[in-house]
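Written out below as structure tokens is the structure these notes cover.
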Amino acid sequence: MLIVFVALGGIVLDAYDLTSIGIGVNQLTEDFNLSPAQLGSLTSVMAVGALLGALFGGMVTDKLGRNKMFLVDILLLVVAAFGAALAPNLEVLVFFRFLLGVGIGLDVPIALSFIAEITNTKRRGQLVNLWSPVWYIATAFAGLLLLPIFFLGIDENLWRYAVGFGGVLALIVLFLRFKFMDESPIWAAKHLPLKEAAKIVERTYNIEVVVQELKEKVTKKDDKVALSTLFSKKYRMRTLSASILAATESMEYFAVMFYLPTISMLIFGKGTIYGIIGTVVFNCCGILGGLFQSYLTGKVGIRKLAIIGYSIVCVALLTVGLLGKSLPAIFVAILIGSFIFGHAFGPGAQCMTMATLSYPTELRGLGSGWGQAMLRVGSIIGAFVFPMVLALAGLEKTLLVVLIAPVIGLIAVSLIKWDPTNKNLDSDTETEFLSKNHSKLSV
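Numbering (the working numbering), first residue to last: 9 to 451.
Right, dumping it as structure tokens:
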């Protein structure tokens, strides 16, 4: 479990950054005199970087391995976080936010692929889905961390301290990964000499491994896979389901969650303190939804959890959009909390789990990277469009526009029946993996 949580360090950094920059969005707007379009560009540029990082990282990690990329992307996050915190102008801030996005885009598909490859089929969905509660714990932690900074009277540069502390967290994750992480045993068995792979298996699972030579020699085949493989007849519907899940959930999430502090101030009252407290309270709903769905993954299935979550999200957004102005603030707060619970319970968690578990090892990094790329496409749309619509139409009408995303997602997931829960997609290719080596591994 320690290795799983260390692998999820990039998720922590992504969630922390989203919350910290969201809490400081008012200070950012004042410091750089941002228009709604400029603010949308600033919030979405990280997603552009993450989109490129996910597409590139998914392909590279399948060739170079999980562990090497783990260390490279965290180093990038350290530099980007400190650079953004010290940015003297908007152009420099945008540049480092872009680099931060590239690092996150590289890290997330690698982390989920790694977790899928070190766990057994029965617990795989549950452990991969732990990324969701970890995300919300990190967002709540970001708010709690900023409270003492706020009460010390550092309101003016709050966003700089918050973003800079993300660099400290990245250094901690870098140290933990260097100390505790090893290569994925399944990736090692496929790409490394068997004796080296055996040592990795021994260190990972604390078991004794014996390597025996095979008498026959088999010519090793080329392991290169193209992105088009994800859209072949065998994988087409899986990729479509994962793509729609990722794009629609990120549209709804990043449209609302980046501006959650602003929404909190619209509900509870003006002032940074209300934005911070509201962020912490609302994200506790996400923690509950994330933990609950992780427990139920193996029993209910990824697809059904996504359908239930989408339904909760649709009801919450529709109610606030139509009745928000006439409802007491406490009821609006309950509905926003329900939105976050439903999102964490359903599409928010299942999108990346669907993309990670729908493919065998030789495609997992590529498939997970594609899912992360689609997630970032949705987040670019949500983060860029939301502030402009909010400025023009107000909160209620904006949430009705956001409602389009979960409705599309709900229809798509209901029609596409694919669910990888409790399926061992590597079992069909295990014989092929071993035949490509001149030894066999006995445990």
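We put the beta carbon where it would ideally sit given N, CA and C, even for glycine.
State the Cα-Cα distance for the pair Leu407 and Ala206, rounded to the nearest angstrom. Here the question's residue 407 lines up with position 399 in the sequence shown. Here the question's residue 206 lines up with position 198 in the sequence shown. The alpha-carbon separation between Leu407 and Ala206 amounts to approximately 53 Å.
So, does the segment 119 to 135 touch the segment 187 to 198, judging by three or more C-beta pairs under 8 Å? Short answer: they touch.
Measure how close the beta-carbons of Pro117 and Ser376 come, nearest whole angstrom, since I'm counting them as under 8 Å. One-based indexing of the sequence shown puts residue 117 at position 109. One-based indexing of the sequence shown puts residue 376 at position 368. About 4 Å separates the two Cβ atoms, so the contact holds.
Near Ala58, what residues of its chain come up, given a Cβ to Cβ distance below 6 Å and the 5 sequence neighbours on each side ignored? In the sequence shown, the residue the question calls residue 58 occupies position 50. These residues qualify, in order along the chain: Gly109, Ile112, Gly113, Arg384.
Considering only their Cβ atoms, is the gap separating Ile348 from Asn291 smaller than 8 Å? In the sequence shown, the residue the question calls residue 291 occupies position 283. In the sequence shown, the residue the question calls residue 348 occupies position 340. Cβ distance < 8 Å, so Asn291 and Ile348 count as in contact.
What does a CB cutoff of less than 8 Å around Val233 pick up in its chain, not counting 5 residues either side in sequence? As a working mapping, residue 233 is identified with position 225 in the sequence shown. Asp70, Glu370, Leu371, Leu374, listed in sequence order.
How long is the line joining the alpha carbons of Val421 and Ile315, rounded to whole angstroms? Along the sequence shown, one-based indexing puts residue 421 at 413. Along the sequence shown, one-based indexing puts residue 315 at 307. Spanning the two alpha carbons is a distance of roughly 7 Å.
Distance check for Asn128 and Leu433, CA to CA, integer angstroms please. Translated into the one-based positions of the sequence shown, residue 433 becomes position 425. Translated into the one-based positions of the sequence shown, residue 128 becomes position 120. Approximately 12 Å between the Cα atoms of the pair.
Report yes if the CB atom of Val397 is closer than 8 Å to the CB atom of Gly350, and no otherwise. Indexing the sequence shown from 1 puts residue 397 at position 389. Indexing the sequence shown from 1 puts residue 350 at position 342. Contact annotation: Val397 and Gly350 have beta-carbon atoms that are not nearer than 8 Å.
Out of curiosity, what's the CA-to-CA distance linking Gln134 and Glu216? Locating residue 134 in the sequence shown gives position 126, counting from the first residue. Locating residue 216 in the sequence shown gives position 208, counting from the first residue. Inter-residue distance for Gln134 and Glu216 is about 27 Å (C-alpha atoms, whole angstroms).
Could you check if Leu79 is buried or exposed, using at least 16 other CB atoms within 10 Å of its CB as the buried criterion? Residue numbering aside, residue 79 sits at position 71 when the sequence shown is read from its first letter. So Leu79 counts as exposed.
Ser236 classed as buried or exposed, judged by whether at least 16 other C-beta atoms fall within 10 angstroms: Taking the first residue of the sequence shown as 1, we reach residue 236 at position 228. So Ser236 counts as exposed.
Provide the residue span of the alpha helix (DSSP H) that contains Thr256, from first to last. Position 248 of the sequence shown, counted from the start, is the residue given in the question as residue 256. Start and end: 244 to 265.
Whole angstroms is fine: what's the gap from Leu313's alpha carbon to Val33's? Looking up residue 313 in the sequence shown gives position 305. Looking up residue 33 in the sequence shown gives position 25. In this structure, the alpha-carbon of Leu313 lies about 33 Å from that of Val33.
Verify whether the separation of the beta carbon atoms of Pro414 and Glu260 is less than 8 Å. As a working note, residue 414 is residue 406 in the sequence shown. As a working note, residue 260 is residue 252 in the sequence shown. Yes, the Cβ-Cβ distance between Pro414 and Glu260 is below 8 Å.
Inter-stretch contact at 8 Å, needing at least 3 Cβ pairs: the segment 49 to 65 / the segment 168 to 178: With the cut-off at 8 Å, the segment 49 to 65 and the segment 168 to 178 do not touch.
What residues in its chain sit with their C-beta under 6 Å from that of Pro269, if we drop five residues either side in the sequence? If you number the sequence shown from 1, residue 269 lands on position 261. Only residues of its own chain outside the window of five on either side were considered, and among them Gly30, Ile31, Gly283, Thr287 have a CB closer than 6 Å to the CB of Pro269, listed in chain order.
Residue environment, Phe188, which counts as buried when at least 16 other CB atoms sit within 10 Å: Working through the sequence shown from its first residue, we reach residue 188 at position 180. Counting Cβ neighbours within 10 Å, Phe188 comes out exposed, since fewer than 16 surround it.
In angstroms with no decimal places, state the Cα-to-Cα distance between Trp143 and Ile19. By one-based count along the sequence shown, residue 143 stands at place 135. By one-based count along the sequence shown, residue 19 stands at place 11. C-alpha separation (whole angstroms): 6 Å.
Pair within 8 Å by beta-carbon distance, Leu253 and Thr247: Sequence index remark: in the sequence shown, residue 253 carries index 245 (1-based). Sequence index remark: in the sequence shown, residue 247 carries index 239 (1-based). No, these two residues do not count as a Cβ contact at 8 Å.
Taking the alpha carbon of Pro428 as the point to measure from, which residue in Gly354, Gly329, Gly309, Met382 has its own alpha carbon closest? Within the sequence shown, residue 428 is the residue found at index 420, counting from 1. Restricting attention to Gly354, Gly329, Gly309, Met382, the CA atom closest to the CA of Pro428 is found in Gly309.
Can you look up Ala399 in the DSSP assignment and give me helix, strand or coil? The residue you call residue 399 lines up with position 391 of the sequence shown. The answer is helix: DSSP assigns Ala399 an H, G or I state.
Alpha carbon to alpha carbon, how far is Gly161 from Gly402? Numbered from its first residue, the sequence shown carries residue 161 at position 153. Numbered from its first residue, the sequence shown carries residue 402 at position 394. Approximately 31 Å between the Cα atoms of the pair.
Measure the alpha-carbon distance for Lys242 versus Tyr367 and round it to whole angstroms. As a first step, residue 242 must be located in the sequence shown, where it is residue number 234. As a first step, residue 367 must be located in the sequence shown, where it is residue number 359. Going by the C-alpha atoms only, they are around 10 Å apart.
Specify, as a first and last residue, the run of the alpha helix (DSSP H) that Glu210 falls within. As a working mapping, residue 210 is identified with position 202 in the sequence shown. Boundaries of the alpha helix (DSSP H) around Glu210: 202 to 213.
By Cβ distance, which residues of its chain are closer than 7 Å to Leu120, with the 5 residues on each side in sequence left out? Position 112 of the sequence shown holds residue 120. Once the five neighbours on either side are set aside, the close Cβ partners of Leu120 are Val136, Trp139, Met360, Thr364, Ser376.
Quick check on Pro395: buried or exposed, where buried means 16 or more other Cβ atoms within 10 Å of its Cβ? Position 387 of the sequence shown, counted from the first residue, corresponds to residue 395. Classified as buried, Pro395 has 16 or more neighbouring CB atoms from the shown chains inside 10 Å of its CB.
Taking the alpha helix (DSSP H) that Tyr318 falls in, what are its first and last residues? By one-based count along the sequence shown, residue 318 stands at place 310. For Tyr318, the enclosing alpha helix (DSSP H) begins and ends at 310 to 331.
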